[in-house]
Every structure is written in C-alpha cells, then in structure tokens.
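Residue numbers for the sequence shown follow my numbering, so the first one is 1 and each next one is one higher.
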Amino acid sequence: MAKEIEIFQIDAFTTEAFMGNPAGVTFSNNLNENEMQLIAKEMNLSETAFISQSQSADFKLRWFTPTKEVDLCGHATIASLHYLFEKGKVSENQNITFETRSGIINCSIADRKYLMQIPIPRLSEFDGCKEEILDALDIDRSDVSDLPFIILNNGYLFICVNSLDSLWRIKPDFKKLKYLSESKKEFFDLSILTKETIESDSAAHIRFFAPYHGIDEDPVTGSACGPLILVLIKLGLLNNYMNNTFIKIEQGDIINRKGRVDVKYNSNTNELYIAGNAVTVFKGWLRF
Numbered sequence: 001m002a003k004e005i006e007i008f009q010i011d012a013f014t015t016e017a018f019m020g021n022p023a024g025v026t027f028s029n030n031l032n033e034n035e036m037q038l039i040a041k042e043m044n045l046s047e048t049a050f051i052s053q054s055q056s057a058d059f060k061l062r063w064f065t066p067t068k069e070v071d072l073c074g075h076a077t078i079a080s081l082h083y084l085f086e087k088g089k090v091s092e093n094q095n096i097t098f099e100t101r102s103g104i105i106n107c108s109i110a111d112r113k114y115l116m117q118i119p120i121p122r123l124s125e126f127d128g129c130k131e132e133i134l135d136a137l138d139i140d141r142s143d144v145s146d147l148p149f150i151i152l153n154n155g156y157l158f159i160c161v162n163s164l165d166s167l168w169r170i171k172p173d174f175k176k177l178k179y180l181s182e183s184k185k186e187f188f189d190l191s192i193l194t195k196e197t198i199e200s201d202s203a204a205h206i207r208f209f210a211p212y213h214g215i216d217e218d219p220v221t222g223s224a225c226g227p228l229i230l231v232l233i234k235l236g237l238l239n240n241y242m243n244n245t246f247i248k249i250e251q252g253d254i255i256n257r258k259g260r261v262d263v264k265y266n267s268n269t270n271e272l273y274i275a276g277n278a279v280t281v282f283k284g285w286l287r288f
C-alpha cells in the first residue's frame, strides 16, 4: 500500500520567504530510515527534518542531508519548531524537548522566535593539513588571519579571514575539500569567519562549506553559528561579551540567502543557545 505524508518547506533564520536556510519538515511515525533518506534526497535541501513520537522527550527528531543522516542541525530544528507551532502541537512560552542523536535538545518559543539549546563542543587548535585546505579554498594567504585555526570535536573547522572582501573572494574546490576531509580524516566541515560585518550590530559574518555531508555551501548554519561564540571568545575576539546575552551572526548574503542567527552563552551554567525566526514557503504531499 502506498504511503502519503504531508511535508513543509520552511525557511529558517529569516522572516522573509526565499531567504535564510530552507529545510523540509514532516511528522510521521511510519517511516523507516531508508524512506527518510529517499525523501531527503527528493527534497534536495541541505537538511530535511523528520519528527515522530518519543518515549523520552516531547518529540523525536532526525535530520538527513540528501546523502546521509547527521547528528545535529540547527536550521532544521528551528524549522521543526515553526512547523509544530503552526500545527498547534506546541505553544509559546512552552518548554519543548527533542530526542536526537546528540541527546535531548531543549527548545522554547517566545514572540514567534524559536530558541534551541546547542550541545557544548570541545575546542582545540588545529595543526592538520592547513595549506592543503587553503589551497582547496583558493584563498590568498594575505587574506587569512594569523589567529589559530580552531577545530571542534564534531569535525567543524573554523578559519578566520581579515575582511568581508576576503570572505567573498573564496572560491572553493568542493571536490578537493571532500577528498581532504575523507582522506585526511582531520576535519569534516569548514566555517570561514570574519569580524567585519554588513550590519553594525552583528558580531561576525561566516560562510560554511560541507561537501563531506553532501552540501557544498550551507546558507545559514545554526550548528556552526552557535559554537562560533565560543570560538570568538577563545580567540580573544569577543572580549566585551556580557554573559548570557545575545549576539548576532550573519550568513548567507553572498549566495543571496540572507539569514541572521542570535547566539548566547551562559558561562555560569555552561549553556549555549541559538535563536531565530522562520517562515513557511510551501506545503504539499508526498506519495510513494
């Protein structure tokens, strides 16, 4: 018997359709892993989120790129919160929990802004194949900051460049980046950042490359923008940060998918949060 599911496409980290980062979102208790992967491939978005019932949280949440399942996805979680809110399954000022491959994720909604807790990563200086990575990015060495490269325990590598122009000039060879991540096994994905911003009240601007996970350039990446605040603190680029207050991270402008991510870190409780808006672009039915 054929299956039929309702699926939404939701743009996260924006209030404007066709901006931010699009995610597929559906709710179903009757999909197996292979079907989820096929649906994500058919949607052909950076991630598609699958919500289902959970025994240990309010909902279970899984994220798939077109090629594989991932442990964490910020924008698809923000999109999932928006989906659940529009469906009347959650309400404002409610604590919402998701069972995920990264553990229980705590979320909430206030003033139509969706808030998500991000697991605290481990940060260390990266001493791997720096020159090969920079070659694959086709970046002039004069554009690269003297600050250390920072690697997270999930394989996200952060590299600081000197300006927005430096960031704009990067022309990655995605096949080379994918080969390096697969062969060297020293990193998975790249976050290139600069402290120069488009808007005066922003803290940083980033681009995110993830060919290892089947995504050449991700428009707006919550799972990178969140830990970025810890990277900035570690590198001494956020010395005036007031504990547990939001900063704004810019992403997506270069590929015409402008998005903004609010990030805060509470050093007293060692908790990290991202927040953003979302807008539904379309909904329809998949039959298979």
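Cβ coordinates follow ideal geometry from the N, Cα and C atoms, glycine included.
Which full runs of the alpha helix (DSSP H) of 4+ residues lie inside the region 150-222, going along the chain?
164-169, 174-184
- Message: Checking 8 Å against the spacing of the C-beta atoms, do Asp189 and His205 come in under that value?
- Response: Contact: no.
Q. Counting Cβ pairs, one atom from each stretch, are 3 or more of them under 8 Å apart for the region 25-41 and the region 50-70?
A. Yes: at least three Cβ pairs fall under 8 Å.
Would Phe187 be called buried (16 or more neighbouring beta carbons within 10 Å of its own) or exposed?
buried
field: Proximal residues to Pro119 (C-beta, below 6 Å), its chain only, five neighbours per side dropped
entry: Ser102
Original post:
How about Ser183 and Asn162: do their beta carbons lie closer than 8 Å?
Top reply: The Cβ atoms of Ser183 and Asn162 lie no closer than 8 Å to each other.
Exercise for review: Give a yes or no on whether the minimum CB-CB distance between Pro172 and chain C is below 8 Å.
Suggested key: Looking at the structure shown, chain C is missing, and only one protein chain is on hand.
**OP:** Could you tell me which of Phe13, Ala2, Arg260 sits nearest to Val279, measuring between CA atoms?
**Re:** With respect to the C-alpha of Val279, the residue from Phe13, Ala2, Arg260 having the closest C-alpha is Phe13.
(Q) I need the DSSP call for Met43, collapsed to helix, strand or coil. (A) The three-state reading of DSSP puts Met43 in helix, counting H, G and I together.
ask   = Grouping DSSP H, G and I as helix and E and B as strand, with all else coil, what is Leu134?
value = The answer is helix: DSSP assigns Leu134 an H, G or I state.
Can you find at least 3 beta carbon pairs, one from the region 196-203 and one from the region 114-132, that sit closer than 8 Å?
Judged by Cβ distances under 8 Å, the region 196-203 makes no contact with the region 114-132, as fewer than three pairs qualify.
Next on the checklist: Here's the rule: buried if 16 or more other CB atoms are within 10 angstroms of the residue's CB, otherwise exposed. What is Gly222?
Outcome noted: Around the beta carbon of Gly222, 16 or more other beta carbons sit within 10 angstroms, so the residue counts as buried.
What residue does the alpha helix (DSSP H) around Leu286 start on, and which one ends it? Careful: Leu286 lies outside any alpha helix (DSSP H), inside the beta strand (DSSP E) at 278-287.
Suppose you measure from the CA of Gly155 to the CA of Ser91; what does that come to, to the nearest Å? 35 Å
Subject >> 3 or more residues per run - each beta strand (DSSP E) lying fully within the region 102-135 >> reply: 103-110, 113-118, 123-125
Starting from Phe8, follow the beta strand (DSSP E) in both directions and report where the run begins and ends. 4-12
With DSSP as the reference, please indicate the residues paired to Tyr273 in a beta bridge.
Gln117, Lys264
(Q) Taking the beta strand (DSSP E) that Leu61 belongs to, which residues open and close that run? (A) 59-64
Per-residue DSSP class, three states only, for Glu69
strand
So, Val281 versus Ile274, is the Cβ gap smaller than 8 Å? no
Put Gly289 into one of helix, strand or coil per three-state DSSP. The structure shown does not extend to residue 289, since the chain is modelled only from 1 through 288, so no value can be given for it.
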